[in-house]
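A.B. asks:
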Amino acid sequence: MSELQVIYEDKVLLACDKPAGLIVHADGTGAPTLTDAAAAHLAAEGRADVRPQAVQRLDRETTGLVLFSLDAETQPTLDAQVAGHDMDKTYLAVASGRVSWAEKVVRTPIGRDRHDARRMRACRPGQGKPAETRLRRVAERGGRTLLLVTLVTGRRHQIRVHLASLGHPIVGDALYGGPRANEGLMLHAWREGVTHPVTGERLRLETAWPARLWPERPAGL
Numbered sequence: 001m002s003e004l005q006v007i008y009e010d011k012v013l014l015a016c017d018k019p020a021g022l023i024v025h026a027d028g029t030g031a032p033t034l035t036d037a038a039a040a041h042l043a044a045e046g047r048a049d050v051r052p053q054a055v056q057r058l059d060r061e062t063t064g065l066v067l068f069s070l071d072a073e074t075q076p077t078l079d080a081q082v083a084g085h086d087m088d089k090t091y092l093a094v095a096s097g098r099v100s101w102a103e104k105v106v107r108t109p110i111g112r113d114r115h116d117a118r119r120m121r122a123c124r125p126g127q128g129k130p131a132e133t134r135l136r137r138v139a140e141r142g143g144r145t146l147l148l149v150t151l152v153t154g155r156r157h158q159i160r161v162h163l164a165s166l167g168h169p170i171v172g173d174a175l176y177g178g179p180r181a182n183e184g185l186m187l188h189a190w191r192e193g194v195t196h197p198v199t200g201e202r203l204r205l206e207t208a209w210p211a212r213l214w215p216e217r218p219a220g221l
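Residue numbers are given in full-length UniProt numbering: position 125 of the sequence shown equals residue 125, and the series is strictly consecutive.
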């Protein structure tokens, strides 16, 4: 397993940049996890007694920012921020095709796909669970569009389902009809705002620019 890419660390929080192909939590198969990597990192610092707990999770092929709680006493404060939608998390996604809008809010409900347990699906009003995704176009190139994506809710596969429902599936997302890509799934958790559970300070966390999605960072981002 490659060395953990740490973005932020103190006594109660650890934020890191997850690579593609790594799950966050154990799934019973014995596959290595990001949680294992975080525990090994802490042990190397003399903190082997600390048990990191992921505050949120990312899909196996999604890259980017994952926040861990390192303190059982303050973790409920973080959980409350997640439940109250007080953590603002921003993703970068490369959608297939050129979108016709500069900004868009998608509020299509999301539910499980009865025909494929791996998938979620966009539902009719009154079905599934409420979901809201905010999209902003930031760049276009070669039949692809780079989008800045903000989640208001956090349903499973939410960004993937909503973009597919618009006819612009994420590049590399074969599960939802996206074109295959050597770069893999073109979805990255880039930024997160969180209130520190001890100091009350509002932290603005950000990974390095993910050049695998887009070679250069567009002006204004």
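For glycine and all other residues, C-beta sits at the position ideal for the given N, C-alpha and C.
Would you say the segment 137 to 144 touches the segment 70 to 82, given that touching needs at least three Cβ pairs under 8 Å?
C.D. replies: Verdict: no, contact absent.
A.B. asks: Can you list, in chain order, the residues of its chain with a C-beta nearer than 7 Å to that of PRO179? Leave out the 5 residues immediately preceding and following it.
C.D. replies: Cβ within range, chain order: SER96, VAL171.
A.B. asks: For the candidate residues GLU45, ARG57, PRO52, whose alpha-carbon lies nearest to that of LEU22?
C.D. replies: Among GLU45, ARG57, PRO52, the Cα nearest to that of LEU22 is on ARG57.
A.B. asks: Would you call the CB atoms of VAL105 and LEU151 closer than 9 Å?
C.D. replies: In this structure, LEU151 does not lie closer than 9 Å to VAL105 by Cβ.
A.B. asks: So, helix, strand or coil for ARG60, using DSSP?
C.D. replies: The answer is coil: DSSP assigns ARG60 none of H, G, I, E or B.
A.B. asks: Going by DSSP, name the residue or residues bridged to SER69.
C.D. replies: LEU13, GLN53, per the DSSP bridge assignment.
A.B. asks: Cα-Cα, which of SER165, LEU78, GLY154 is closest to VAL99?
C.D. replies: Nearest C-alpha to VAL99: SER165.
A.B. asks: What is the DSSP secondary structure of SER165, counted as helix, strand or coil?
C.D. replies: SER165: helix per DSSP, three-state reduction.
A.B. asks: Determine whether the beta carbon atoms of VAL194 and LEU203 lie at a separation below 9 Å.
C.D. replies: A contact, by the Cβ cut-off of 9 Å.
A.B. asks: Indicate the three-state DSSP secondary structure (helix, strand or coil) for ALA31 in the structure shown.
C.D. replies: ALA31: coil per DSSP, three-state reduction.
A.B. asks: What does GLY193 pair with, by DSSP beta-bridge criteria?
C.D. replies: ASP88, ARG204, per the DSSP bridge assignment.
A.B. asks: Pop quiz: LEU205 and ARG191 are said to be a contact at Cβ under 8 Å. What is the actual Cβ separation, rounded to whole angstroms?
C.D. replies: Correct: roughly 7 Å between the Cβ atoms.
A.B. asks: Nearest-angstrom Cα distance between ASP36 and GLY128?
C.D. replies: Computed Cα separation, rounded: 34 Å.
A.B. asks: Please report the Cβ distance between LEU34 and LYS11, rounded to the nearest whole angstrom; I am assuming they are in contact, meaning their Cβ atoms lie under 8 Å.
C.D. replies: 20 Å between Cβ atoms; not a contact.
A.B. asks: DSSP three-state label for ALA117, please.
C.D. replies: Coil.
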